[in-house]
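Okay, structure first, notes after.
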Amino acid sequence: MIQVRLAAPRRAARVTGLILGAALLRALLLPVGDLFSTMVFAGCLLAITWVERDAPTLPSPASGGGKLPGAPAASGGGKLPGAPAASRGGTLPGALGRGRAIVVGLMAGAILLAPVVSGPVSGRPISEFLPWAAIAAIVATLEETSIRGVLYRRWAGEAGTLAAIVIGAAVFALIHLPRYGLGAMPLDAAVGLALGGLRALTGRVLPCAVAHTVADWGAWFWA
Amino acid sequence: MTGRRAGLVALALGLIAAALLHGRIAAPPIYDGIIVPPEPYRWESPPPNLAAGNKPPLSGETTLPVQNGQVAGGGVQTDDNQVVIYFGPGAFKAPAGATGVTCSIVPDPNPPPAPSGAEIRGNVYRVGCVGVPGGGPVTVVSTYHLTMRFPPGAFKEIQYNDGSGWRPLRTLTAPGGDPYASVNAPGFGEYAATAPTGAPGPSVLSDLGRYLEFYGILAFVILFGAIAIFQEVRRRRHRAPAPRDKNPRSKNPRSKKR
Numbered sequence: 025m026i027q028v029r030l031a032a033p034r035r036a037a038r039v040t041g042l043i044l045g046a047a048l049l050r051a052l053l054l055p056v057g058d059l060f061s062t063m064v065f066a067g068c069l070l071a072i073t074w075v076e077r078d079a080p081t082l083p084s085p086a087s088g089g090g091k092l093p094g095a096p097a098a099s100g101g102g103k104l105p106g107a108p109a110a111s112r113g114g115t116l117p118g119a120l121g122r123g124r125a126i127v128v129g130l131m132a133g134a135i136l137l138a139p140v141v142s143g144p145v146s147g148r149p150i151s152e153f154l155p156w157a158a159i160a161a162i163v164a165t166l167e168e169t170s171i172r173g174v175l176y177r178r179w180a181g182e183a184g185t186l187a188a189i190v191i192g193a194a195v196f197a198l199i200h201l202p203r204y205g206l207g208a209m210p211l212d213a214a215v216g217l218a219l220g221g222l223r224a225l226t227g228r229v230l231p232c233a234v235a236h237t238v239a240d241w242g243a244w245f246w247a
Numbered sequence: 082m083t084g085r086r087a088g089l090v091a092l093a094l095g096l097i098a099a100a101l102l103h104g105r106i107a108a109p110p111i112y113d114g115i116i117v118p119p120e121p122y123r124w125e126s127p128p129p130n131l132a133a134g135n136k137p138p139l140s141g142e143t144t145l146p147v148q149n150g151q152v153a154g155g156g157v158q159t160d161d162n163q164v165v166i167y168f169g170p171g172a173f174k175a176p177a178g179a180t181g182v183t184c185s186i187v188p189d190p191n192p193p194p195a196p197s198g199a200e201i202r203g204n205v206y207r208v209g210c211v212g213v214p215g216g217g218p219v220t221v222v223s224t225y226h227l228t229m230r231f232p233p234g235a236f237k238e239i240q241y242n243d244g245s246g247w248r249p250l251r252t253l254t255a256p257g258g259d260p261y262a263s264v265n266a267p268g269f270g271e272y273a274a275t276a277p278t279g280a281p282g283p284s285v286l287s288d289l290g291r292y293l294e295f296y297g298i299l300a301f302v303i304l305f306g307a308i309a310i311f312q313e314v315r316r317r318r319h320r321a322p323a324p325r326d327k328n329p330r331s332k333n334p335r336s337k338k339r
């Protein structure tokens, strides 16, 4: 039993290492160019999400689940033997519908932006917003599919929902460290905690991606 | 703790902490993507085609303490971030009796004429410090760092004018179209970004290259993402269980097995 528990987080730790490695690679490539390093980072996250797409999915807490009974047994493989077929990727039976998930994401994004919208509006031209917003949305969504998607599922399956939320928040803060420095880490950790909570509550990545994207877009107008 | 309760607690804690921490960082919480492009350059005297949307440039000022006659290290920047200076302890010497110095960076509405053979690109800024109280002169003991933004178009170097005429300074610029340049500033006075008279701006080819890089990589990511989504949808369709046939007389072999 002890051996199983010690071995349990191995795959989750591997995903954690891969995401942090992608962030490190981005930091190392920053001197080459911000756009290039960002795109390499996005490509890495896309690859991680793609390779780990079969990670076991926990039943949504909304449906009364939260931790699979047979979780430790899954440490050796990518799929939980005891998990129902519907829980291996895709939308969960108890998760929010797509429309509601988008609304919840918009509301969470608005709450994240609330403290800054009272500040002065920047003079950036709206005509240049679209290409920047597209890239911001892609990167934000990929961060969410990898952190609140595969990373969350791995840690939740192997160590529980709480561990998944907390580790996701820590990883979220760490991947932003090279760009924004130590000063921004507490804020990023807090936002990561909120997005992890949103993921656990709704059972979906979509509201997290929407909230993250909305908060990012705010930078154009209020940063 | 159940998953739902953990999620609720984390969401509440995270949002409250984020709201409380916002006061320390003057930016939205988690801006990713690429660095937000800077606001349009603020001109003191804008070219006619940019006059309509132009906002006036801002100044910056800060007061720093004096220790043993020397100014503690620090920095000043204009409120629009177009000019920043910073310096180490002892770079400035305060006048006798001063307990602090006030340093300011102010856009000059009536700058001296441009240096011969060059044109001034953007605004001219006056950098200076005075002792407080009294307003006595502060002496520059060693160089300090000055970073200045220049507007789109031609740029060669930053020049300095201490009242005796313009002189060029060794200027560092960053690659990749970064609109900031830095110098080791030798004293107080006026600073301006300059370019040789009639120098052309960035070529069409360099602009085209930047656009190609930007949109090419964006197109690559979108294409790769679309292929990934398409394959994922196809994979799920293949994995979906076959629909059950309600007709017992059906010749479907699956229904026969049942």
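Each protein sequence line maps, in turn, to chains Y and F. All residue numbers for the first sequence refer to the numbering used here, where the first residue is 25 and numbers rise by one. All residue numbers for the second sequence refer to the numbering used here, where the first residue is 82 and numbers rise by one. Positions of the beta carbon are idealized from the N, C-alpha and C atoms, including for glycine. Nothing here was measured: the structure is a model prediction, and the numbers come from that model.
| Check | Outcome |
| --- | --- |
| Where N204 of chain F falls, given that 16 or more other Cβ within 10 Å makes a residue buried | buried |
| Nearest-angstrom beta carbon gap, G173 of chain Y and T73 of chain Y [assumed within contact, 8 Å] | 6 Å |
| Residues bridged to E200 of chain F [DSSP beta-bridge criterion] | F:A276 |
| Within chain F, partners of G220 of chain Y - CB distance below 7 Å | A91 |
| Local conformation of N130 of chain F per DSSP, three classes | helix |
| Local conformation of Y122 of chain F per DSSP, three classes | coil |
| Residues that DSSP places opposite P146 of chain F in a beta bridge | F:G181 |
| Under 9 Å between C-beta atoms of V182 of chain F and G154 of chain F | no |
| Chain F contact for T40 of chain Y (CB, 9 Å cutoff) | no |
| Reference F236 of chain F; option with closest CA among F:A262, F:P218, F:V208 and F:R248 | F:A262 |
| Environment of A300 of chain F [buried if 16+ CB atoms lie within 10 Å] | exposed |
| Partners in chain F for A214 of chain Y, counting only beta-carbon separations shorter than 9 Å | L94, G95, L96, I97, A98, A99, A100, L101, L102 and P110 |
| Beta-ladder partner(s) of Y204 of chain Y, from DSSP | Beta-bridge pairing links Y204 of chain Y to no other residue. |
| Any chain F beta carbon closer than 9 Å to L225 of chain Y | yes |
| Helix, strand or coil at L130 of chain Y according to DSSP, with G and I counted as helix | helix |
| Cβ of I72 of chain Y within 9 Å of any chain C Cβ | Of the protein chains in this structure, namely Y and F, none is chain C. |
| Cβ contact check for the stretch 152-171 of chain Y and the stretch 124-135 of chain F: 3 or more pairs under 8 Å | no |
| Simplified DSSP state of R251 of chain F, which is helix, strand or coil | coil |
| Those residues which DSSP pairs with G141 of chain F across a bridge | F:I186 |
| Ordered list of alpha helix (DSSP H) runs contained in the stretch 28-64 of chain Y, each at least 4 residues | 34-53 |
| Exposed unless 16 or more other CB atoms sit within 10 angstroms - verdict on F311 of chain F | exposed |
| The stretch 161-181 of chain F touching the stretch 219-228 of chain F, judged by at least three CB pairs closer than 8 Å | yes |
| Cutoff 9 Å: S146 of chain Y Cβ touching any chain F Cβ | yes |
| One or two residues paired with N265 of chain F in a DSSP bridge | F:H226 |
| Among F:A266, F:G244 and F:D243, the one whose alpha carbon lies nearest that of L253 of chain F | F:A266 |
| Best match in Y:S61, Y:D78, Y:R50 and Y:L53 for proximity to V39 of chain Y [C-alpha to C-alpha] | Y:D78 |
| Cα-Cα separation, T224 of chain F to G268 of chain F | 7 Å |
| Residue-chain proximity (T143 of chain F, chain Y), Cβ-Cβ < 9 Å | no |
| Proximity to L44 of chain Y [Cα-Cα], best of Y:L219, Y:W244 and Y:I191 | Y:I191 |
| R248 of chain F to R207 of chain F span [Cα, whole Å] | 15 Å |
| First and last residue of the uninterrupted beta strand (DSSP E) at I166 of chain F | V164 to F168 |
| Alpha-carbon spacing of R230 of chain F relative to P260 of chain F, whole angstroms | 6 Å |
| The stretch 227-241 of chain Y in contact with the stretch 199-210 of chain Y per 3-pair CB rule at 8 Å | no |
| Length of the line joining the Cα atoms of A100 of chain F and I189 of chain Y | 19 Å |
| Same chain only: Cβ atoms within 6 Å of W179 of chain Y, ignoring 5 sequence neighbours per side | A36, A187, A188 and I191 |
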